[in-house]
Every structure is written in C-alpha cells, then in structure tokens.
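The block underneath contains the structure these notes are about, expressed in structure tokens.
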Amino acid sequence: SSAATLMETVRSGQVPSDAYGVLYDPENWSFTPPAEQHDPVAAARQAAQAAHARGLKLLVAPALNLTSVLGSGSGSAGRGPRWQQFLNLRLIAHLAGVADVVELQAQSLERNSATYTSFVRQAAAQAHAARAGVTVLAGLSSNPPGPPVTSQHLADVIRATRSLVGGYWLNIPGQGARC
97 SSAATLMETV
107 RSGQVPSDAY
117 GVLYDPENWS
127 FTPPAEQHDP
137 VAAARQAAQA
147 AHARGLKLLV
157 APALNLTSVL
167 GSGSGSAGRG
177 PRWQQFLNLR
187 LIAHLAGVAD
197 VVELQAQSLE
207 RNSATYTSFV
217 RQAAAQAHAA
227 RAGVTVLAGL
237 SSNPPGPPVT
247 SQHLADVIRA
257 TRSLVGGYWL
267 NIPGQGARC
C-alpha cells in the first residue's frame, strides 16, 4: 500500500529469493501516503524501477476509491459512479505503462454482472492499448462491502469476463485494519 515501503523492502533484500514479484496497492486510505494517492503513477514508476533492478515483476492494484482523491477538479472524470470515474481518469492505462501486471479492483461490482463486465472490458482495453503484453487481472471477493455475494455471482462474472483478462485475484478478506 506504500511504494516507499515496497522500495525499501526490495532494496534491503527482504523479498524471498524465489518471489515472482511485488505488489503495490494504492488506495485512498491511511496506509498509502497522501503524496502517493495524488500521484500513484509516479509512485508505481519508482516501485517498478526498484523491483526490476532486483529481477522482480511489479503488480499494481489501484483501488477505485482513488477517484475521490484524483477526480476532484477533473471535469468529466468526477461524473457518474466511481467505476466510471476511474475509467474517465484512465488510471489503469497510465499504470499499465509502468507495471508488469495490473489488477482491476472490480470486486465491489460483482453483484451486477453487466456492470462488472462493462468495467472490466473497458479497463482491460485501456491497459492493453497503453502497453501490449501487460497482464490484466480482475478482482473477485467472497465478501466485499454490502449484501452477501453468492457463488452464482462469482461464476456469472467469471463467465462474462474470462476472455478479457489473464486471470483473477480472489480476495477473501478477514477482519483487520486493512479490511
């Protein structure tokens, strides 16, 4: 959740030698420093340099709630539901330019297959247009905020989007400071 912490962890050799990569999860929360919330692309670029210098891939999973920080004063970016604002900001396209893998935190949309699919389709297209070969993952969760999610919800969105992404990130959060 902090690129600065990620870079220090990588540079100090704290990442296991058999690790594939490291994850940067910028969100509008207390765990991502305000400067990184305001410019997650610059933070991801620095994290990518540190990761690549150690032979690691960089995975970036920006939260949709970054729109509340980035969308103010952005004209049309501030209109519509949060997922549409996220697309209007083209944040995933900018991050795909520096990351090896981008993860779409779409799990809050999974109760509505059409909305989830529309978001994933558009965001994946932005990422692939920005950088051919970037891996795109879509988020799923067993318990995002709100009403319960059923296995049918998950199966529906997977069927609808499996040709659009390279895989899925299954988030099964437990009670804690970050969830």
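Whatever position you read off the sequence shown (first residue = 1), add 96 for this note's numbering. Cβ coordinates follow ideal geometry from the N, Cα and C atoms, glycine included.
For this session: Provide the residue span of the beta strand (DSSP E) that contains Trp125, from first to last.
Result: Taken as a continuous stretch (DSSP letters only), Trp125 belongs to no beta strand (DSSP E), as it is neither H nor E.
Problem set entry | Contacting residues, own chain, Cβ-Cβ under 6 angstroms from Tyr212 (five flanking each side not counted) | Ala202, Leu205, Glu206, Val253
For this session: Go through its chain and collect everything with a Cβ distance to Leu183's Cβ below 8 angstroms, but skip five positions before and after it.
Result: Taken in chain order, the residues that qualify are Phe215, Gln218, Ala219, Gln222.
For this session: Keeping to the same chain, check which residues put their C-beta closer than 7 angstroms to that of Ser98; ignore five residues upstream and five downstream.
Result: Phe127, Thr128, Pro129, Glu132
For this session: Tell me whether Tyr264 sits in a helix, a strand or coil according to DSSP, three-state version.
Result: strand
Exercise. Considering Tyr212, what are the terminal residues of the alpha helix (DSSP H) in which it resides?
Worked result: Looking at the DSSP string, the run of the alpha helix (DSSP H) that includes Tyr212 is 209-226.
Problem set entry | Thr246, DSSP secondary structure in three states | coil
Exercise. Would you call Pro177 buried or exposed, if buried means 16 or more other Cβ atoms sit within 10 Å of its Cβ?
Worked result: The residue is exposed, with fewer than 16 neighbouring Cβ atoms inside 10 Å.
For this session: Measure the Cβ-Cβ separation of Leu155 and Asp114 and say whether it is below 8 angstroms.
Result: no
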